[in-house]
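Asker: So the sequences go chain by chain: A and B. In short: position in the first sequence from 1, add 74, done, that's this note's numbering. In short: position in the second sequence from 1, add 174, done, that's this note's numbering. Below you will find the structure I want to go over with you.
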Amino acid sequence: MGDEINQQALRDKYQQLHDSIEHAIETCTNAAICESLREQGESVDAVITAMNLADIQARTGDFQNLIDKIKSVNADLGKLKDEIAKIGDNIAILGKVVSGIDSAISAAAKFLPV
Amino acid sequence: MQNSKRVLFLVTFCCLMLLSGCAFSPLAKKSAAFGNAASAVVRNTSTGYDTIQRTTIDVGVSSLVLDFDKSGFDRDKIKPFIPEHDLEIRQQVLQGLQKYSDDLADTASDHAFSSIDDQSQALSKQLTALSTNADLKKIAPHVTVNDSEAKGLATAVDVLGRVLVEQKRRKELPKIIAKMQPVLEQICHLLDEDIGNKPVNGVAGIGLRDQLWDEYDALIRNQITYIRSNSDKLSPAEKKAEISKLPELAQQQLDADAALVATQKALRDLPNAHKALLASDKDNTFKERLQVLIADGQQIGSFYSKLQSK
């Protein structure tokens, strides 16, 4: 907890430096000074970016752990989808049976004396 | 005649099951609506990551323009903010969430009935063909199936199929939704933390909002330096055009941050709406939370469309 507070306090110092440089460059009229401020701004931003990236990357493992859990839920949902699709398939089988009976009757009529 | 009565009874019975509410539960309707709204939240979150990646590259390119004469082209300096591996993991999570949203909407919507309707129509045609089979009349003259009986039987099968689908959904969907709830809460919490905070008066900035805010500051800084360094080489019209980009960048900075704030709000509202799927049918909580979620999606969309139009 103490480390987190120190880390944020350090970040804030760099952010305040970033803001000061940003303000200075917005009001600067001299090209050489502008260029120098820009270079300093980039150095400060590199530190802030590294801190932000470290913060993002610290959560990557947690995201990774969730992938299998989502896959498990999606597999359950997929199974339900398949079971629902099977109901339609069963009606299709019923249709094929009726169609088969229809063909069988026509075939049988050729051999049975009527 | 006897057959007609049986078919009529079957159709009436199935229709009564439908009308009594056995067939179409509010959960299915709610799940379909939630799935569509959640899908929009996932898309917008993904766009948030894309925005930060693209803006970081834009900053790299604008710095390259200023530094080229002095230090040439260093390809390592032009790279997105989040490394490929870390982004890939997040994309997999978002894709999983997108699949859940899409499949939930698909399974719970009327789309689930389309296959049953198609097959029942085919069955109706096959029964009608059987009823008109001249050979059947020759072989079994006492067996009579008229056209309306055939259609009635197919209708009864269609209704029965719909009832079976709904029963399956009523039994399985609550279990799936309950299993997803803690997973969804964790995902949204982590994504919310990724988005972080914009720095206010130089303090408490963190995450994507902090990074994106500073990236726009860097774009403004580079643009000012470009104008100052080329002040004597730019024509008045060119100078005007370059200076005009400064307020545009400042506005884009506000819009991009507002889009992330709205995405963050949507990520906080999403688990609440998902949880309300299992609330009592008489409870209006879900309806209210869904409306909030839809409004979130529309707000984020408007911010991103503003950004894309620039």
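We treat Cβ as the ideally placed atom computed from N, Cα and C, and that holds for glycine.
1. With a cut-off of 8 Å, do at least 3 Cβ pairs link the segment 265 to 274 of chain B to the segment 136 to 145 of chain A?
2. Hey, residue 158 of chain A and residue 281 of chain B are a contact pair by Cβ (cut 8 Å); roughly how many whole angstroms apart?
3. Report the partner residues of residue 215 of chain B according to the DSSP bridge assignment.
4. For residue 207 of chain B, which residues of its own chain have a beta-carbon under 7 Å away from its beta-carbon, when the five flanking residues on both sides are left out?
5. Cutting at 6 Å between CB atoms, please list the residues of its own chain near residue 466 of chain B, excluding the five before and the five after it.
6. So who's on the other strand from residue 380 of chain B, going by DSSP bridges?
7. Given a threshold of 16 other Cβ atoms within 10 Å of its Cβ, counted over all protein chains shown, does residue 193 of chain B qualify as buried or as exposed?
8. In whole angstroms, what separates the C-alpha of residue 195 of chain B from that of residue 155 of chain A?
9. Apply the 10 Å Cβ neighbour rule to residue 349 of chain B and answer buried if 16 or more other Cβ atoms are within range, or exposed otherwise.
10. How many Å lie between residue 106 of chain A and residue 241 of chain B at the Cα?
11. May I ask which residues mark the beginning and end of the alpha helix (DSSP H) holding residue 173 of chain A?
12. Is residue 80 of chain A buried or exposed, if buried means 16 or more other CB atoms sit within 10 Å of its CB?
13. For residue 197 of chain B, which residues from the same chain have a beta carbon less than 7 Å from its beta carbon, with the 5 sequence-adjacent residues on both sides left out?
14. I'd like to know whether the C-beta of residue 372 of chain B is nearer than 8 Å to at least one C-beta of chain A.
15. Counting only beta-carbon separations shorter than 8 Å, does residue 274 of chain B have a partner in chain A?
16. Output yes if chain A places a C-beta closer than 8 Å to the C-beta of residue 196 of chain B; else output no.
17. Count the other CB atoms, across all protein chains shown, that sit within 10 Å of the CB of residue 246 of chain B; report buried if there are 16 or more and exposed otherwise.
18. Would residue 165 of chain A and residue 297 of chain B be called neighbours here (beta carbons separated by less than 8 Å)?
19. Between which two residues does the alpha helix (DSSP H) carrying residue 264 of chain B extend?
20. Quick one: grab the DSSP three-state call for residue 102 of chain A.
21. Could you check whether the Cβ of residue 172 of chain A sits closer than 8 Å to any Cβ belonging to chain B?
22. For the segment 419 to 429 of chain B against the segment 389 to 396 of chain B, do three or more pairs of beta-carbon atoms, one drawn from each stretch, fall closer than 8 Å, so that the two count as touching?
23. Pull up the distance between the alpha-carbon of residue 314 of chain B and that of residue 332 of chain B, whole angstroms please.
24. Name the residues in the segment 258 to 274 of chain B whose C-beta lies less than 7 Å from a C-beta of chain A; which are they?
25. Could you compute how far the alpha carbon of residue 126 of chain A sits from the alpha carbon of residue 145 of chain A?
26. Tell me, please, whether the segment 431 to 449 of chain B touches the segment 361 to 372 of chain B by the rule of three or more beta-carbon pairs shorter than 8 Å.
27. On the three-pair Cβ rule with 8 Å, is the segment 208 to 219 of chain B touching the segment 465 to 482 of chain B?
28. Tell me which same chain residues have a C-beta within less than 8 Å of the C-beta of residue 451 of chain B, skipping the five on either side of it?
29. In chain A, what lies closer than 8 Å to residue 397 of chain B by C-beta?
30. I think residue 380 of chain B touches residue 136 of chain A, with their Cβ atoms under 8 Å apart; what is that distance to the nearest whole Å?
31. Kindly indicate which three-state DSSP category residue 118 of chain A falls into: helix, strand or coil?
32. Pairs of beta-carbons, one from the segment 230 to 239 of chain B and one from the segment 248 to 257 of chain B, closer than 8 Å: are there three or more?
33. Compare the C-beta of residue 304 of chain B with all C-beta atoms of chain A and state if any pair is closer than 8 Å.
34. Would you list, in chain order, the members of the segment 157 to 184 of chain A that have their beta-carbon closer than 7 Å to a beta-carbon of chain B?
35. Given the structure, does residue 476 of chain B come close to the ligand ADP, in the sense that its CB is under 7 Å from one of the ligand's heavy atoms?
Answerer: Taking the coordinates as given:
1. Yes, the segment 265 to 274 of chain B is in contact with the segment 136 to 145 of chain A.
2. In this structure, residue 158 of chain A and residue 281 of chain B form a Cβ contact; the two beta carbons are roughly 7 Å apart against a cut-off of 8 Å.
3. Answer is none; residue 215 of chain B lacks a bridge partner.
4. Excluding residues within five positions, the ones whose Cβ falls inside 7 Å are 464.
5. Cβ neighbours of residue 466 of chain B beyond the five flanking positions: 443.
6. Bridge partners of residue 380 of chain B: B/371.
7. Bear in mind that a pLDDT of 47 at residue 193 of chain B, under 50, signals an unreliable position, so the number given afterwards is only what the model happens to contain. Around the beta-carbon of residue 193 of chain B, fewer than 16 other beta-carbon atoms lie within 10 Å, marking it exposed.
8. Confidence at residue 195 of chain B is low in this model, with a pLDDT of 47, below 50, so the placement of that residue should be treated as unreliable; the coordinate-derived value is given next. If you take the alpha carbons of residue 195 of chain B and residue 155 of chain A, they lie about 22 Å apart.
9. Exposed, by the Cβ-count rule.
10. Across the structure, residue 106 of chain A and residue 241 of chain B are spaced so that their CA atoms are roughly 14 Å apart.
11. Residues 134 to 185.
12. With fewer than 16 other Cβ atoms within 10 Å, it is exposed.
13. Residue placement at residue 197 of chain B is flagged as unreliable, the pLDDT there being 47, under the threshold of 50; the coordinate-derived value follows with that caveat. For residue 197 of chain B, where only same-chain residues beyond five positions count, the Cβ hits under 7 Å are 191, 336, 337, 340.
14. Look at residue 372 of chain B: its C-beta is not under 8 Å from any C-beta on chain A.
15. It does; some Cβ of chain A falls within 8 Å.
16. Unreliable positioning characterises residue 196 of chain B in this predicted model, as indicated by a pLDDT of 46, which lies under 50. A coordinate reading is not provided.
17. A residue is called buried when at least 16 other Cβ atoms come within 10 angstroms of its Cβ; residue 246 of chain B does not meet this threshold and is exposed.
18. The Cβ-Cβ distance between residue 165 of chain A and residue 297 of chain B falls below 8 Å.
19. Here the alpha helix (DSSP H) through residue 264 of chain B covers 258 to 282.
20. Reduced to three states, the DSSP call for residue 102 of chain A is coil.
21. Yes, because at least one Cβ of chain B sits closer than 8 Å to the Cβ of residue 172 of chain A.
22. Short answer: they touch.
23. Here the alpha carbons of residue 332 of chain B and residue 314 of chain B stand approximately 28 Å from one another.
24. Residues of the segment 258 to 274 of chain B with a C-beta atom less than 7 Å from some C-beta of chain A are 260, 263, 264, 266, 267, 270, 271, 273, 274, listed in chain order.
25. If I take the Cα positions, the gap works out to 29 Å.
26. Contact between the segment 431 to 449 of chain B and the segment 361 to 372 of chain B is present, because at least three Cβ pairs lie under 8 Å.
27. Pairwise C-beta distances place the segment 208 to 219 of chain B in contact with the segment 465 to 482 of chain B, as three or more of them are shorter than 8 Å.
28. Within its own chain, the residues whose Cβ lies closer than 8 Å to the Cβ of residue 451 of chain B, once the five positions on either side in sequence are excluded, are 201, 204, 205, 208, 351, 460, listed in chain order.
29. Using a Cβ-Cβ cut-off of 8 Å, residue 397 of chain B is close to nothing in chain A; its nearest Cβ partner there is about 10 Å away.
30. The Cβ separation is near 16 Å, so there is no contact.
31. Of the three classes helix, strand and coil, the one that applies to residue 118 of chain A here is helix, per DSSP.
32. With three or more CB-CB distances shorter than 8 Å, the segment 230 to 239 of chain B counts as touching the segment 248 to 257 of chain B.
33. Yes, because at least one Cβ of chain A sits closer than 8 Å to the Cβ of residue 304 of chain B.
34. Going along the segment 157 to 184 of chain A in chain order, one finds 157, 158, 159, 161, 162, 165, 166, 168, 169, 172, 173, 175, 176, 179, 180, 182, 183 with a Cβ nearer than 7 Å to chain B.
35. Among the components of this structure there are no ligands whatsoever, and the ligand ADP is therefore not found.
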